[in-house]
Structures are given as structure tokens and as C-alpha cells.
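A.B. asks: Residues 10 to 78, numbered by this note's numbering, are exactly what the sequence shown covers, in order. We put the CB at the ideal spot given by N, CA and C, even for glycine. In this text, all values refer to a predicted model and were calculated from it rather than measured experimentally.
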Amino acid sequence: MPKAEITNDIRRLRFEHGEMTQQELADRVGCTRQTVIMLEQGRYVPSLALALKIAEVFGKAVEEIFSLR
């Protein structure tokens with residue numbers, strides 16, 4: 010079975026929420042800026058807990074931010 014690719018709209022959402030910086034998002038969800046960078050680049054798949062925290066920050070459902078390709 011081929012490996013699934015997970016895409017996200019984190020970068021777009023950060024800019025729609027007052028041009029939030031990567032560091033601001035990282036601080037709000039309890040991860041590092043490097044993790045946010047890797048998420049935005051599609052090089053890191055978040056844990057369920059991190060995905061839920063990110064969704065909470067943006068006031069969205071997890072499915073509105075992350076999608077499976």
C-alpha cells in the first residue's frame with residue numbers, strides 16, 4: 010500500500026489570522042517553530058493532539074486544515 014500524503018492549509022490560515030508568525034503559532038500550540046516549518050512544507054505529519062491544537066487556534070475542524078491525498 011502506498012504511503013499516504015497529508016497536506017495542510019496552515020500557511021494560508023496563519024496569514025488569514027492577522028499574519029500570525031510561525032513562532033506565534035508554535036507558542037500557542039506548544040511546539041517548536043521548526044515543527045511548524047516542517048508541517049507547512051509537508052515534511053512532518055502531526056500527532057492527533059497537535060492537529061487538534063492547531064485546529065483550535067484557527068477555530069476550524071481538523072478536516073478543514075488537513076487533508077489526505
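Straight-line CA distance for residue 56 to residue 40?
C.D. replies: Taking the straight line joining both Cα atoms gives about 11 Å.
A.B. asks: Using 10 angstroms around the beta-carbon of residue 21, count the other beta-carbons present and answer buried if the total reaches 16, otherwise exposed.
C.D. replies: Flag for residue 21 reads exposed.
A.B. asks: Kindly list the residues whose CB is nearer than 8 Å to the CB of residue 49, restricted to its own chain and excluding five residues on each side of it in sequence; keep chain order.
C.D. replies: Excluding sequence neighbours, residue 49 sits near 17, 19, 20, 31.
A.B. asks: Return the first residue and the last residue of the alpha helix (DSSP H) that residue 44 is part of.
C.D. replies: Unbroken alpha helix (DSSP H) run through residue 44: 42-49.
A.B. asks: At the level of alpha carbons, what is the spacing between residue 73 and residue 13?
C.D. replies: Going from the Cα of residue 73 to the Cα of residue 13 covers about 18 Å.
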